[in-house]
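Asker: Heads up: the sequence lines are chains A and B, in that order.
Residues 1 to 408, numbered by this note's numbering, are exactly what the first sequence covers, in order.
Residues 1001 to 1243, numbered by this note's numbering, are exactly what the second sequence covers, in order.
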Amino acid sequence: MLRLKLALLNVLRNGRRSFITLLAIQFGVISLILMGGFFASMYEGMREGVIRSQLGHIQIYQQGFNQFGSQQPEEYLIDAEVLQKVTKLVEELEQVELVTPRLNFTGLLTDGSRSLAVVVEGINPEKEALLSSAVKLTAGEDLFEEDTDGALIGDGLFKSLNLSVGASLTLMATTADGSFDARDVTAIGAISTGTREVDNRFMRMNLQHAQELMYTEGVTRLVVLLNDTKHTDEVMALLSEVFQEQGLALELRSWSDLADYYHEVVNLFDGIFFVVQIIVLAIVLLGIVNTMVMAVMERTQEIGTIRAIGGTRGEVMGLFISEAFILGLIGSVLGVIFSILLAQGITAASIMMPTPPGSSQNYPIRIFTEADLLWKNGLFGLLIAVISSIYPAVKASRMVITKALRFA
Amino acid sequence: MAVVKLKGVSRYFPVGNKPITALDKVDLTLERGEFVVLRGASGSGKSTLLNLIGAMDDPNEGEVFIHGKALSSLSDKQKSQLRSHYIGFIFQSFNLIPVLTALENVQYPLSLQRIANNEAKDRAAQALAQVGLADFIHRRPNQLSGGQMQRVAIARALVTKPDIILADEPTANLDSETSKQIMDLLGSLNRETGVTFLFATHHDFVLSRASRILELKDGHIVKDEQLQNLNLVDQIASGEKVG
Ligand SMILES: Nc1ncnc2c1ncn2[C@@H]1O[C@H](COP(=O)(O)OP(=O)(O)OP(=O)(O)O)[C@@H](O)[C@H]1O
Ligand SMILES: [Mg+2]
């Protein structure tokens, strides 16, 4: 009781020094929480962006598509019968928001004077509108089922062909049986997926129209959107079980399997975060060690006295570590509180970030303050404080008593 | 059993390449209730001797026994515990903990012994009353005079009921009037509690209160004089009024 009180009084004793130590701890906690929270929001933005513009949460393919489909995509289409059956099975799951088919192929888009290679996606416009909520219309109007020959052209492609809304184009493609065919399409609008590479060579049209062009009733994939990204693994497992039971030769890919770019960015930024963590750790550690060593020096005679009247080395160590613990606790709690306030302030200010590399849309800065991030970094601050005190505490406990007592 | 026993104790300090002999083969026994004054010129080895008896320093030769235990056989932790239970210290510059009140300063050595807060508080208050500071228990050291601070320090040394209280020039920082009061207090505490006192001092007025006078010179005990006047045992034997 009194021993703890002494630690507390010692913290209050040199207000300026304790204040500096508290600042150092708060600096550490706040910078890590803000950075972590910003990265988390960025990851989430990227993740949800890619899910809701291109990938969905889960994609279902004919077995073998991912291994051989790039050579002979027409050999690995899901046929109409399976498509219906699977759609029904998937839609039954409560975690599923929707499931929609896509037919993908490459073609040549020409406006009469110029031709460009394009990645064509035949879609169900109504369902796709729900799934691709992150796909933005940058010109013209959205695609509807009635627009039998309507096409949405990737933003970059739209610009590079110098198109205007309503322009007539011709789309040529190799059909499923290996011959060559062409269809007229009308550019009813331009879209942006958020990924520039995609926007430069991408177009969407009605599934039926695409199927006619390809002479097929099949589709390349079924895209499943869940009501929450966190259910992905669970539904993956569920579906593969169901498909096996039903004898359906299908394979599954999650958004995470398909989002290489997302993972690269996350890895890069996690690496950056790690380096920053080390730097912050070093700064805070040095700051606290420094002030603690000063406190130990100043109190040399007192340490000698405590030892003389019966305090063990452990007692002296415990005293200084307790002081650091108290400072760490206060500093971390304050750091967490200020972090939340700052995060909310910065998010509310809607400061626009510069357009990220490879992206065609920009977002305001958002900083997440998930409980996980808060308590982990709060604990981190507390730990740094305690760890920093170990060296000074050991130094204090190892003093030669007679020398310490003579110290004025 | 002797409270303190030194057998052939020597202590050297390496200064340059020729070591200084601070104590040279000292033999000494202190008994319970003695009120021993340690005299000697500056540098004669008084502080060195007190530090060795206080289990804060180790001799280069010989052995120190406190409460029958050979100090050389004890670990640092055991020595700390020995100091905690059997030895009290009074310092020249009082050495109170500035952030604690008088009561807390006196309570602290009991807390180090893990004695419960309430009991420690009661005993500390009692000890402060014994040194005449009942009205000052909630003051901080900086709100006390030098004499009062030294009384708090005495209460702190006393509160654990040690075998021996060691004091290295406890009155050196006090004016002569206060010094006399402090010495009177120590004398009466010696008689009341039977605790052995050993103190180093330059003040001669202390001599009249001593039961034994030791004189050091160049690390040797050159004089060991038993006086009859204030010895506890003698007093009790002669039925003299205590206090
Ligand atoms: N830590 C040390 N290092 C080197 N020499 C020391 C040390 N401590 C004491 N000495 C030397 O040992 C001798 C005895 O010193 P000590 O402090 O015991 O004397 P003292 O009688 O207490 O003197 P004073 O009356 O001035 O306090 C002195 O010569 C002193 O210089
Ligand atoms: Mg001395």
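For glycine and all other residues, C-beta sits at the position ideal for the given N, C-alpha and C.
Since we're looking at a predicted model, the values are computed, not measured.
(1) Under 8 Å, do I367/A and S41/A count as touching if we go by C-beta distance?
(2) By a C-beta neighbour count over all protein chains shown, 10 Å radius and 16 as the cutoff for buried, is A282/A buried or exposed?
(3) If you draw a straight line from the C-alpha of I1154/B to the C-alpha of K1180/B, how long is it?
(4) Can you check whether the CB of L1198/B is closer than 8 Å to the CB of V1064/B?
(5) Report all residues from its chain with a CB closer than 7 Å to the CB of L4/A; omit the five preceding and five following residues, and keep chain order.
(6) If you draw a straight line from the alpha carbon of L213/A to that of E241/A, how long is it in whole angstroms?
(7) Go ahead and label R183/A buried or exposed: buried means 16 or more other beta carbons lie within 10 angstroms of its beta carbon, across all protein chains shown.
(8) Between which two residues does the beta strand (DSSP E) carrying R102/A extend?
(9) Less than 7 Å separating the Cβ of S1047/B from some heavy atom of ligand 2?
(10) Any Cβ of chain A within less than 8 Å of the Cβ of N1060/B?
(11) Are there 16 or more other CB atoms within 10 angstroms of the CB of L1214/B, so buried, or fewer, so exposed?
(12) Since A1200/B contacts E1169/B with CB under 8 Å, what's their CB separation in whole angstroms?
(13) From G1243/B to T1193/B, what distance separates their C-alpha atoms?
(14) Residues of chain A with CB closer than 8 Å to the CB of G1054/B, please, in chain order.
(15) Since R313/A meets chain B, which of its residues come closer than 8 Å, beta carbon to beta carbon?
(16) What I want to know is whether the C-beta of S1044/B ends up closer than 7 Å to one or more non-hydrogen atoms of ligand 1.
(17) Round the Cβ separation of V235/A and M46/A to the nearest angstrom and send it over; I've been treating them as touching at under 8 Å.
(18) Count Cβ pairs between the stretch 171-189 of chain A and the stretch 125-144 of chain A that sit closer than 8 Å; are there 3 or more?
(19) Should N1051/B be flagged as near chain A, meaning a C-beta pair shorter than 8 Å?
(20) Can you tell me the Cα-Cα spacing of E370/A and F325/A, whole angstroms?
(21) Does the CB of T291/A have a neighbour CB from chain B at under 8 Å?
(22) Between which two residues does the alpha helix (DSSP H) carrying H422/A extend?
(23) Does chain A have any CB closer than 8 Å to the CB of V1099/B?
(24) Output the distance between the C-alpha atoms of L163/A and Y363/A, rounded to the nearest integer angstrom.
(25) Could you please give me the residues that DSSP links to Y1012/B through a beta bridge?
(26) Taking Cβ positions only, does M353/A come closer than 8 Å to chain B?
(27) Using the DSSP secondary-structure output, state which residues sit across from V185/A in a beta bridge.
(28) How big is the Cα-Cα spacing for A167/A and R201/A?
(29) Note down, in chain order, each residue of its chain lying with its Cβ closer than 6 Å to the Cβ of N1190/B, except the 5 sequence neighbours on either side.
(30) If you pair each beta-carbon of the stretch 203-213 of chain A with each one of the stretch 146-156 of chain A, do three or more pairs fall below 8 Å?
(31) Give the residues from the stretch 1085-1113 of chain B that approach chain A closer than 9 Å (Cβ to any Cβ), ordered along the chain.
(32) Using C-beta distances below 8 Å, list every residue in its chain close to F1205/B, excluding the 5 sequence neighbours before and after it, in chain order.
(33) Can you find a heavy atom of ligand 3 that lies under 7 Å from the Cβ of D1168/B?
(34) Residues of chain A with CB under 7 Å from R1123/B, in chain order?
(35) Would you call the stretch 1074-1083 of chain B in contact with the stretch 1091-1100 of chain B, where contact means no fewer than 3 C-beta pairs closer than 8 Å?
(36) What do you get for E1104/B, buried or exposed, if any count of 16 or more other CB atoms within 10 angstroms of its CB means buried?
Answerer: Taking the coordinates as given:
(1) Between I367/A and S41/A, the CB-CB gap stays under 8 Å.
(2) That one is exposed.
(3) Here the C-alpha atom of I1154/B lies approximately 14 Å from the C-alpha atom of K1180/B.
(4) No; because the gap between Cβ atoms is not below 8 Å, this pair is not in contact.
(5) S322
(6) Their backbone Cα atoms lie some 35 Å apart in a straight line.
(7) In summary, R183/A is buried, with 16 or more beta-carbon neighbours lying within 10 Å of its beta-carbon over all protein chains present.
(8) V96 to T110
(9) Yes - ligand 2 has a heavy atom lying nearer than 7 Å to the Cβ of S1047/B.
(10) For N1060/B, the answer is no, since every Cβ of chain A falls outside 8 Å of its Cβ.
(11) buried
(12) 6 Å
(13) Because G1243/B carries a pLDDT of 36, less than 50, the predicted location of this residue cannot be relied on, and the following value inherits that uncertainty. G1243/B and T1193/B: Cα-Cα distance of roughly 11 Å.
(14) Correct list: A308.
(15) What R313/A touches in chain B: D1076, K1077 and S1080.
(16) yes
(17) With a Cβ gap of about 21 Å, V235/A and M46/A do not count as contacting.
(18) yes
(19) Under the Cβ distance rule, N1051/B counts among the residues neighbouring chain A, one pair being separated by less than 8 Å.
(20) 24 Å
(21) no
(22) Here chain A covers residues 1 to 408 and nothing more, so residue 422/A does not appear.
(23) yes
(24) Cα to Cα, the separation comes out at about 27 Å.
(25) Looking at the DSSP assignment, Y1012/B forms a beta bridge with T1021/B.
(26) no
(27) L169/A
(28) About 17 Å.
(29) Excluding positions up to five away in sequence, the list reads F1035 and F1197.
(30) yes
(31) H1085, I1087, G1088, F1089, F1091, S1093, N1095, L1096, I1097, P1098, V1099, L1100, E1104, Q1107, Y1108, P1109, L1110, S1111, L1112 and Q1113
(32) S1176, S1179, K1180 and M1183
(33) Looking for ligand 3 in the displayed structure turns up nothing; the ligands present are ligand 1 and ligand 2.
(34) Result: empty, since nearest Cβ-Cβ is about 13 Å, beyond 7 Å.
(35) Counting Cβ pairs under 8 Å, fewer than three are found: no touch.
(36) buried
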